[in-house]
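Mapping of the sequence shown onto full-length UniProt numbering: position 16 corresponds to residue 16, and the numbering continues sequentially without gaps.
Reviewing the structure listed below.
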Amino acid sequence: MELAVGASESAMRSLLGKLGSLLAQEYTLISGVRSEIQYMNNELSSMHAFLRKLGRAAAAGAAHDEQTKDWIEQVRDVAYDIEDCVDDFAHRLGRQPRGEGVTANLLRAWYTITTLLARRDIASRIIDLKNRAQEVGERRTRYGVQDPKEESETVSGIKSKSSVPPHPYATDHLQPPALKLVGTTEPVGQEDAIAEHGKWLTESEGGVRVLAIVGFGGLGKTTMALALQRRFGEKFDSRAWVQASQKLNLESLLRGILKQVMPQQDPEGKGGTGTSDGHADGIEGLNKKQLKEKLKEQLKEKYYFLFVDDVWSVSSWQDIWQSLPINQNGSIVVTTRFKSVANACCRRQEHIYMLKPLPPVESTKLFFERVHDPMPEKFKETKDEIIRKCGGLPLALVAVAGLLARRNLTEESQWETVKKSLNSELDKNLSPEGVTQILNLCYNDLPADHKNCLLYLSIFPKGCSINRKRLIRRWISEGFIAEKDGKTVEEVAEDSFNELISRNIVRPVEHSTNGKVKTCQVHDMILEYIVSKSSEENFITVVGGHWLTPTPSNKVRRLSLHNSNPEDVKEKIENMNLSHVRSLTVFENLHHLPSYSFKSVILQVLDLEGCKNINNKQLDKIFKMFQLKYLSLRNTYTKKLPSQIGRLQYLETLDIRDTNVTELPSSVGRLQKMVHLLGGSKSTHLALRFTEDIAKMTALQTLLGIEIGRGSTPDIGSMHNLTKLKKLSIYSLGDTHNNNSKYDELLPTIEHLSGYSLKSLAIDDGFTGFLNSMDDLSSPPKYLLSLDLSGKLFHVPKWIKELETLEKLTLSLTSLRTDGLQVLSQLPKLFSLTFSISAKGQDGTIVEILQKNRMDSGGKIFVPADGFASLKLLRLSAPVMPLLSFLEGAMPELQRLEIQFRLSEGAYGLENLASLRQVYLRVSQKASKATEVKVSDIRSSVSMHQKKPIIVVDQYYE
Numbered sequence: 001m002e003l004a005v006g007a008s009e010s011a012m013r014s015l016l017g018k019l020g021s022l023l024a025q026e027y028t029l030i031s032g033v034r035s036e037i038q039y040m041n042n043e044l045s046s047m048h049a050f051l052r053k054l055g056r057a058a059a060a061g062a063a064h065d066e067q068t069k070d071w072i073e074q075v076r077d078v079a080y081d082i083e084d085c086v087d088d089f090a091h092r093l094g095r096q097p098r099g100e101g102v103t104a105n106l107l108r109a110w111y112t113i114t115t116l117l118a119r120r121d122i123a124s125r126i127i128d129l130k131n132r133a134q135e136v137g138e139r140r141t142r143y144g145v146q147d148p149k150e151e152s153e154t155v156s157g158i159k160s161k162s163s164v165p166p167h168p169y170a171t172d173h174l175q176p177p178a179l180k181l182v183g184t185t186e187p188v189g190q191e192d193a194i195a196e197h198g199k200w201l202t203e204s205e206g207g208v209r210v211l212a213i214v215g216f217g218g219l220g221k222t223t224m225a226l227a228l229q230r231r232f233g234e235k236f237d238s239r240a241w242v243q244a245s246q247k248l249n250l251e252s253l254l255r256g257i258l259k260q261v262m263p264q265q266d267p268e269g270k271g272g273t274g275t276s277d278g279h280a281d282g283i284e285g286l287n288k289k290q291l292k293e294k295l296k297e298q299l300k301e302k303y304y305f306l307f308v309d310d311v312w313s314v315s316s317w318q319d320i321w322q323s324l325p326i327n328q329n330g331s332i333v334v335t336t337r338f339k340s341v342a343n344a345c346c347r348r349q350e351h352i353y354m355l356k357p358l359p360p361v362e363s364t365k366l367f368f369e370r371v372h373d374p375m376p377e378k379f380k381e382t383k384d385e386i387i388r389k390c391g392g393l394p395l396a397l398v399a400v401a402g403l404l405a406r407r408n409l410t411e412e413s414q415w416e417t418v419k420k421s422l423n424s425e426l427d428k429n430l431s432p433e434g435v436t437q438i439l440n441l442c443y444n445d446l447p448a449d450h451k452n453c454l455l456y457l458s459i460f461p462k463g464c465s466i467n468r469k470r471l472i473r474r475w476i477s478e479g480f481i482a483e484k485d486g487k488t489v490e491e492v493a494e495d496s497f498n499e500l501i502s503r504n505i506v507r508p509v510e511h512s513t514n515g516k517v518k519t520c521q522v523h524d525m526i527l528e529y530i531v532s533k534s535s536e537e538n539f540i541t542v543v544g545g546h547w548l549t550p551t552p553s554n555k556v557r558r559l560s561l562h563n564s565n566p567e568d569v570k571e572k573i574e575n576m577n578l579s580h581v582r583s584l585t586v587f588e589n590l591h592h593l594p595s596y597s598f599k600s601v602i603l604q605v606l607d608l609e610g611c612k613n614i615n616n617k618q619l620d621k622i623f624k625m626f627q628l629k630y631l632s633l634r635n636t637y638t639k640k641l642p643s644q645i646g647r648l649q650y651l652e653t654l655d656i657r658d659t660n661v662t663e664l665p666s667s668v669g670r671l672q673k674m675v676h677l678l679g680g681s682k683s684t685h686l687a688l689r690f691t692e693d694i695a696k697m698t699a700l701q702t703l704l705g706i707e708i709g710r711g712s713t714p715d716i717g718s719m720h721n722l723t724k725l726k727k728l729s730i731y732s733l734g735d736t737h738n739n740n741s742k743y744d745e746l747l748p749t750i751e752h753l754s755g756y757s758l759k760s761l762a763i764d765d766g767f768t769g770f771l772n773s774m775d776d777l778s779s780p781p782k783y784l785l786s787l788d789l790s791g792k793l794f795h796v797p798k799w800i801k802e803l804e805t806l807e808k809l810t811l812s813l814t815s816l817r818t819d820g821l822q823v824l825s826q827l828p829k830l831f832s833l834t835f836s837i838s839a840k841g842q843d844g845t846i847v848e849i850l851q852k853n854r855m856d857s858g859g860k861i862f863v864p865a866d867g868f869a870s871l872k873l874l875r876l877s878a879p880v881m882p883l884l885s886f887l888e889g890a891m892p893e894l895q896r897l898e899i900q901f902r903l904s905e906g907a908y909g910l911e912n913l914a915s916l917r918q919v920y921l922r923v924s925q926k927a928s929k930a931t932e933v934k935v936s937d938i939r940s941s942v943s944m945h946q947k948k949p950i951i952v953v954d955q956y957y958e
């Protein structure tokens, strides 16, 4: 119910803004309907205010009756239909010519004649919609939809306790999650089982071993399997993790395995853990038989580890098993909710591990890992009752802990209310109904706008890692986020994301090198819950997903097409009304999407990331969708964008990363609302040519992947117009021999932008020597938070010590020296530091840098005993790594150390890194036996650390 309130509020907020703008533009209105538009604006404003009251009442525990629910749905639908009409108005009629004189009069006369039929049609629609709005308003009174003040009490006069009472949601309490790098969830109470089964899985005898982990949803099956992979995965030559689904798509699953077990290269040469998907293109077109053959060929004589998550049926397992090279030496871990599936997987019962609910001690431990505030001893009995009601189910414990963690835990009333609200009997019988009751409790505690943000996650497939920035930009484009409390929409969206993380509703998967959450994931049972809720309220329609959902009986507003169940997609799409779709997301391919779907002119969000079969005709149709605010063609085969891109006057985000687009049409200069232009490819170093037309998009805040210096390069000084730019990433500086003057202009441009909004700067000079000229900056970019310099630098820039706000620093092709580390150690807020020399660069330059590196350092690098007060991540990457020595007291906050090399002189003093939690070594497949000895020495050094950090050794291909 509360969803309908939140969704209606979002729709109403967007619509009222458009109606107000339309009324202000008197010259565009159709004769005779101005009063109708004014009436709709007034009526809907009153409805909006009433909806907000209903939302507050629902949060306080008021239960709305069926009449109220139905009325809210009608409000939402009429708001959407009116907005469709207003947008169609703008598309079909455009702007009436203005001005005075004979020419202006002739143009207006021509406009009147050519738009006559359209104006009559729209006038008729506006009158009909005005009548609908009037009827909906009158229906509220006619059918007894009462003021929410009267509904906040039950019949007996006692306040409803079916949900937690509200507490103030001022933004000052929304503290972002602590910056961190090691956010992996470890299973509670499974240490002995992990050690025992891990030992069996890694035995070197021939044949394939299968371990089945069985248990109710939310018990931690996936968490345990991932822990096995983390702790024992390095013993295997190849590793892969794939998810099955309720209706298995075997081809998709096999492709997922192949993408992970085929040789991976380091695309950026920065020692990161990312993998290139350059091999993926060669397997996209393979059929099932070819995929099986390719997989058997790839795993031939390989010692492999395969994790297949959430297998639903015996037949699904048999299909998977018959597709694998079962005669080879490997280990497979399967998770399932069903004992029958486990029996089919394993020959012996001892290789079936039945997960059970956590005992009270372990439940309490997990609960208080998430509730960090001290709890007064007098609340102990209440606390114990809350934990007992969670039934030892980790998902329930974490969710309720997240609910409590956002409250004042010194007040007994907060604990008591949660205890009384938990009517679940999970402690006696694990059941989906009991989990749903707990999830309802957590969901109802969210404000309306946060509910929309959570339910929006049902767009993404089961097991999908969701990029934070992608999600936030989509929220904004959908109209879920509004400025408040003096914060921008981006800041408010970040607050909403952090709230979901802090409540444990969404879990972090990967952290960026600045410590923020980079990707997140939704637990299967929570995702099933929000998919069902979204479907019920026609908020989001998911087709072809893991769970089968009914075909909506009314208009589809937001559509997400998954590839887990292709047959379901084809069947349902044919029976849907797609003319009112405002948001369309397609995963993997467009095969089942009818061509007429791209005729929708009201589409605002179109996300085709990863779709490989977009053709030119579809592109032409896409760039006629004049209402688009968000368009992603990332990781598609797109080569060129149509010239009519300039018509997309509302476009705010254009993501063309990892495509073959190197130049934009000149009409992009008309896109005055563009905020994020994301281009180029880090893996291929393909860049998007900077033009004066790009410089005309003065609202830009993010400009990624550009090239300066190729061909008839524009005046770089035009970039001075981009004073709102927060993030600038230059992938290429082109040909220095013909454009030296252009680079002379780049320095003052950087100085100029740094004086405004610039917070993140990345430059790859491609061995041009430009970076050395940066020593001459007269006004360093003092307020940068992130700096990434890739080029031939023999020392860190002199001015870098002045960057007191810098949090993230990456220096590629820079000589690693003790004196350089001494300078950087004084940066007070530096969170992550990366030194990288890629073996894929120009050989002569690499050799020169390595030789100078060794000469200047004497073959040894000493990490100083003081400084680096905030550093938590250190990444070092080079073909030849000099001897590293960490002095006592060095890097006191360092959590994660990553080293990538072909040849290493070793690393000493790791036991001196007081906060170290993870060591990640990436060793070239070309490494010698001597290097293997050094790796063994590093292992020994890590084992001496008092906190016993996790060490992972991986292999990369050159």
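Where a beta carbon is used, it is the ideal one built from N, C-alpha and C, also for glycine.
If you're wondering where the values come from, they're calculated on a predicted model, not measured in any experiment.
- DSSP, reduced to helix, strand and coil, places residue 860 within a strand of the structure shown.
- Residue 457 is not a Cβ neighbour of residue 400, given a cutoff of 8 Å.
- Each residue's CA atom was taken as its position, placing residue 874 and residue 833 some 5 Å apart.
- Taking residue 956 as reference, the option from 514, 239, 74, 423 with the minimal CA-CA separation is 239.
- The straight-line gap separating the alpha-carbon atoms of residue 866 and residue 290 is approximately 57 Å.
- Shown here, residue 609 sits in coil according to DSSP, grouped into three states, outside any helix or strand.
- Contact fails between the region 221–241 and the region 357–367, because fewer than three Cβ pairs, one in each stretch, are under 8 Å apart.
- For residue 317, no beta strand (DSSP E) encloses it; the enclosing alpha helix (DSSP H) starts and ends at 314–322.
- Under the DSSP definition of a beta bridge, residue 209 partners with 331.
- For residue 347, the number of other beta carbons within 10 angstroms of its own is below 16, and it is reported as exposed.
- Apart from the 5 residues on each side of it in sequence, residue 627 sits with its Cβ closer than 7 Å to the Cβ of 87, 601, 602, 603, 604, 650 in its chain, given in chain order.
- The alpha helix (DSSP H) runs of length 4 or more contained entirely in the region 369–442 are, from start to end of the chain, 380–389, 394–405, 412–421.
- With contact defined as three or more Cβ pairs closer than 8 Å, the region 381–399 and the region 250–265 are not in contact.
- Remark: three or more beta-carbon pairs, one from each stretch, lie closer than 8 Å, so the region 755–768 and the region 713–730 are flagged as touching.
- Residue 662 has its alpha-carbon roughly 37 Å from the corresponding atom of residue 817.
- Unbroken alpha helix (DSSP H) runs of no fewer than 4 residues, entirely contained in the region 513–551, are found at 524–536, following chain order.
- Annotation for residue 889: 865 place their beta carbon closer than 6 Å to its own, counting only its chain and skipping 5 residues before and after.
- In the three-state reduction of the DSSP assignment, residue 354 falls in the strand class.
- The C-alpha of residue 906 is placed about 51 Å away from the C-alpha of residue 410.
- Counting C-beta atoms within 10 angstroms of its own C-beta, residue 550 has fewer than 16 neighbours from the protein chains shown and is therefore classed as exposed.
- The C-beta distance from residue 363 to residue 387 rounds to 5 Å, short enough to meet the 8 Å contact threshold.
- At the C-beta level, residue 922 and residue 900 come within 8 Å of one another.
- When beta bridges are read from the DSSP output, residue 653 appears opposite 630, 676.
- DSSP places residue 241 in no alpha helix (DSSP H) but in the uninterrupted beta strand (DSSP E) bounded by 238–243.
- Our two residues, residue 777 and residue 748, have alpha carbons roughly 8 Å apart in a direct line.
- The criterion of a C-beta distance shorter than 8 Å is satisfied by residue 207 and residue 329.
- Here DSSP, grouped into helix, strand and coil, assigns residue 511 to strand.
- Look at residue 883 here: in three-state DSSP terms it is strand.
- Assigned with DSSP and collapsed to three states, residue 765 falls in coil, not helix or strand.
- In the DSSP annotation of this structure, residue 311 is not part of any alpha helix (DSSP H), being labelled neither H nor E.
- CA-to-CA, the gap between residue 332 and residue 545 works out to about 25 Å.
- C-alpha of residue 680 to C-alpha of residue 262: approximately 25 Å in a straight line.
- In this structure the region 614–621 touches the region 637–654; the number of beta carbon pairs closer than 8 Å is three or more.
- Boundaries of the beta strand (DSSP E) harbouring residue 707: 702–707, taken from the DSSP string.
- Residue 635 and residue 684 have their alpha carbons spaced roughly 12 Å apart.
- In the structure shown, the three-state DSSP call for residue 467 is strand.
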